[in-house]
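Written below as structure tokens is the structure these notes are about.
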Ligand SMILES: Cc1cc2nc3c(=O)[nH]c(=O)nc-3n(C[C@H](O)[C@H](O)[C@H](O)COP(=O)(O)O)c2cc1C
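Numbering (the working numbering), first residue to last: 19 to 332.
Given below as structure tokens:
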């Protein structure tokens, strides 16, 4: 029995996190077809592009899938309208207030999950009426919380105070890590970085190769004044770092970040000038594989770990 499998009607409690410039219909349908739950990353899509991805995803899988909507999205109302029109059944919201759309979506029969990085926001999300939360630790790739709470500390803290199902995220790329967070109280996992290095991710191949070659210590959390983000320490990051030495204003940071840095790095493959979001666990990712292999490997590792743990005595 697993609450996350029941909630989404899926086979395995592995969710592929919505990721800008990485999770289009190809990756999403591959993960859903493999028994997990794929999420389209709406954050990097214009409304008409999102609609196209939803429609292609419906054709590529008859299994459940969802859409991740970062609430800072400029055309939020338009995106919500598309979700309703296209009859999307699952929405993961992030980076914003869960109160804004939770009741509206739930009244229309949509399952709503909100991503949080602290206990405080987990309580707010529960109060807003979400069906589950993603609790994302400081290790995670992409945008992250200010509190820098690690997954290992965050999950049990949230478990102590929250009744709704918990999906752990941040630093999970293996079945052993999945086992560990489930031992801490999570009901399932959300995986991001590992799926960037998948054949179906829409990220640029040079970015994928850089992820595979990344070592421990190659990522950092930066730009806390704007929206904290974990990324690879490339030239763009060095420029940010140098600007920090001059105690920049938020405006100066915004100018350096510009508008299209993430697209330039992760989608167009400009490894120097682009922003390359990825998690600490990139140091553990050594190959680019089909998404279905990633899901299968994680499940097999989970089961092997479960068996091994039964034999361990203390
Ligand atoms: C390239 C990249 C882009 C991401 N974009 C988003 C996004 O648009 N919305 C969101 O809620 N989370 C985003 N995330 C976070 C993931 O959905 C996921 O929660 C996180 O990657 C989990 O941690 P991990 O990277 O250690 O697996 C992104 C992560 C990465 C690596």
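We put the beta carbon where it would ideally sit given N, CA and C, even for glycine.
Asked: Cβ pair count under 8 Å reaching 3, the segment 312-329 against the segment 193-204; Found: yes
Asked: Cut-off 8 Å between Cβ atoms - residues of its own chain near residue 28, not counting five sequence neighbours on either side; Found: 22, 50, 53, 54, 55, 81 and 82
Asked: Proximity below 9 Å, CB of residue 211 to CB of residue 306; Found: no
Asked: Short Cβ contact (9 Å threshold) for residue 252 with residue 283; Found: yes
Asked: 8 Å Cβ shell around residue 244 - same chain, five flanking residues per side excluded; Found: 268, 271, 272 and 275
Asked: Distance CB(residue 113)-CB(residue 90) smaller than 9 Å; Found: yes
Asked: Nearest residue (CA-CA) to residue 299, options 231, 128, 33 and 32; Found: 231
Asked: DSSP beta-bridge partners of residue 150; Found: 131
Asked: Meets three-Cβ-pair contact criterion under 8 Å: the segment 259-267 and the segment 125-137; Found: no
Asked: Any non-hydrogen atom of ligand 1 within 8 Å of residue 211 CB; Found: yes
Asked: Own chain residues within Cβ distance below 7 Å of residue 342, not counting five before or after; Found: Lying outside 19 to 332, the shown extent of the chain, residue 342 is not represented and no answer is given.
Asked: Length of the line joining the Cα atoms of residue 241 and residue 249; Found: 10 Å
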